[in-house]
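Trainee: Sharing a structure, written as structure tokens. Questions coming.
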Amino acid sequence: MWFADAHSDIGVLIHLTREGLMPRNLVDTYFEQLKQGNVLLSIIQLGGDFEHLGVDLRESESVLAVLESITREVKTDEGLHIVASASELEEFNVGRPQTRFILSLEGCAPIDPHFQVLESLYEGGLRALALTHNGRNIYASGCAVENDTGLTRDGERLLDRAAELGLILDLVHIGEKSFWDAIEYSSTPVYISHSNSKRQYDHMRNITDEQIQAVAERDGVVALNFLSEFIDNPSKPVSLERWVDHLEHMVNLASIRNVALGPDFFRYMMPELDYVGGVDNPSALPLIAEALGARGYSEDEIELVGHGNLLRFLEGALD
Numbered sequence: 068m069w070f071a072d073a074h075s076d077i078g079v080l081i082h083l084t085r086e087g088l089m090p091r092n093l094v095d096t097y098f099e100q101l102k103q104g105n106v107l108l109s110i111i112q113l114g115g116d117f118e119h120l121g122v123d124l125r126e127s128e129s130v131l132a133v134l135e136s137i138t139r140e141v142k143t144d145e146g147l148h149i150v151a152s153a154s155e156l157e158e159f160n161v162g163r164p165q166t167r168f169i170l171s172l173e174g175c176a177p178i179d180p181h182f183q184v185l186e187s188l189y190e191g192g193l194r195a196l197a198l199t200h201n202g203r204n205i206y207a208s209g210c211a212v213e214n215d216t217g218l219t220r221d222g223e224r225l226l227d228r229a230a231e232l233g234l235i236l237d238l239v240h241i242g243e244k245s246f247w248d249a250i251e252y253s254s255t256p257v258y259i260s261h262s263n264s265k266r267q268y269d270h271m272r273n274i275t276d277e278q279i280q281a282v283a284e285r286d287g288v289v290a291l292n293f294l295s296e297f298i299d300n301p302s303k304p305v306s307l308e309r310w311v312d313h314l315e316h317m318v319n320l321a322s323i324r325n326v327a328l329g330p331d332f333f334r335y336m337m338p339e340l341d342y343v344g345g346v347d348n349p350s351a352l353p354l355i356a357e358a359l360g361a362r363g364y365s366e367d368e369i370e371l372v373g374h375g376n377l378l379r380f381l382e383g384a385l386d
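Take the position in the sequence shown, starting the count at 1, then add 67; the result is the number in the working numbering.
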């Protein structure tokens, strides 16, 4: 069985490594873990509304530099490929041993209101974007903003251009008012790349039952995060069973076709982060399949969660 990861921050580490600012072994170890875990599809971030590993990713120049570094990395590694169309995803059927990357933004602060940067990123392979990180930008408000003023006029214009380009909308990190404004305004395919159930555990990064159902009604997917702090009180060890509780709640609200994996692995730079049940890097993903099997999910259902749902969504969204 192979796995698909709806959210990875490895892109900036690739950039810093190619610039000689980080040791090569960190990237090489991560790529080896992808192979060990049989991760063949990963949505990776070019940047967003935050600083990451000393790089200010709110700056358009930084995001364009990350894109260039990822492009160069892929060109020198036959085991990697940047996906720009649905037809490239269909090649999974021939069993080519490659990990395919889909490029995304985790917040649109780097995007100028004239969308010149957006056009450049799209030409380089960008195919998905989240409007915000936790804070506010000129387009919308994130989940940590006390006064969520919703989708702005510039945000509407951005969604219009994203729809014209065929970009996918990631509704992660966004505030509730901005979420509802965006999902009601745009007909763009939507998913949530790394969040869990607010009903199961009340955290600002988690999402309500109504949000889960709204994404499912658009035939989207919600990919569940593996960070313990989003799953239960992190003052005590958080079990894989609690993560499955979040998934099962979403399945009951929507269906088995609307859930996926969004681990948010980042221990290669922050070893203090705690992940549920020790699933702290890509090589450990088979433990998720075991936990689902122990809960009574069939092999076919586990494959849907492991990769089938995200693959189906992306094939339709990128068509």
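Quick reminder that beta carbons are idealized off the backbone N, C-alpha and C, glycines included.
For ASN22 and ALA249, I'd like the C-alpha separation in whole angstroms.
Mentor: Past the edges of the chain, shown from 68 to 386, lies residue 22, and the structure says nothing about it.
Trainee: Out of ALA283, LEU314, TYR342, point me to the one whose CA is closest to GLY373's CA.
Mentor: Here the closest residue by C-alpha is LEU314.
Trainee: Relative to the alpha-carbon of ALA71, which residue among LEU328, ASP341, PRO338, GLY363 has its alpha-carbon at the smallest distance?
Mentor: Ranking LEU328, ASP341, PRO338, GLY363 by Cα distance to ALA71 puts LEU328 first.
Trainee: Can you say whether PRO330 is buried or exposed, counting buried as having 16 or more other CB atoms within 10 angstroms of its CB?
Mentor: Its Cβ being crowded by 16 or more others within 10 Å, PRO330 is buried.
Trainee: Taking the alpha carbon of ARG194 as the reference point, which residue from PRO180, ALA230, LEU93, ASN204 has its own alpha carbon closest?
Mentor: Cα-wise, what sits closest to ARG194 is ALA230.
Trainee: If SER127 and PRO177 are in contact, beta carbons under 8 Å, what's the gap, nearest whole angstrom?
Mentor: About 5 Å separates the two Cβ atoms, so the contact holds.
Trainee: Spatial neighbours of LEU307 within its chain, please: C-beta separation below 8 Å, excluding the five flanking residues on both sides.
Mentor: Taken in chain order, the residues that qualify are VAL343, GLY344, VAL346, LEU354, ILE355, ALA358.
Trainee: DSSP state of ALA151, grouped into three classes?
Mentor: Correct three-state label for ALA151: coil.
Trainee: Which residues share a DSSP beta bridge with GLU405?
Mentor: Only positions 68 to 386 of the chain appear in the structure, and residue 405 is not among them; the question remains open.
Trainee: Short check: CB of SER260 to CB of ILE274, under 8 Å?
Mentor: In this structure, ILE274 does not lie closer than 8 Å to SER260 by Cβ.
Trainee: In the DSSP assignment, find the beta strand (DSSP E) that holds ASP237 and state where it starts and stops.
Mentor: ASP237 -> beta strand (DSSP E) spans 235-237.
Trainee: Name the residue from PRO349, VAL282, LEU232, SER253 whose alpha carbon lies nearest to the alpha carbon of GLU190.
Mentor: Checking every option, the nearest Cα to that of GLU190 belongs to LEU232.
Trainee: Using DSSP with H/G/I as helix, E/B as strand and the rest coil, what is VAL257?
Mentor: In this structure, VAL257 counts as strand in the three-state DSSP scheme.
Trainee: Quick one, are the C-beta atoms of ASP116 and ASN214 less than 8 Å apart?
Mentor: No, Cβ-Cβ distance for ASP116 and ASN214 is not below 8 Å.
Trainee: Answer with buried or exposed for SER365, where buried requires no fewer than 16 other C-beta atoms within 10 angstroms of its C-beta.
Mentor: Burial call: exposed.
Trainee: Leaving out five residues on either side along the sequence, give the residues of the same chain with a beta carbon under 7 Å from the beta carbon of PRO301.
Mentor: The answer, listed in chain order, is SER295, ASP341.
Trainee: Taking the alpha-carbon of ILE110 as reference, which of ILE323, GLN100, VAL282, HIS74 has the nearest alpha-carbon?
Mentor: Closest option to ILE110, Cα to Cα, is HIS74.
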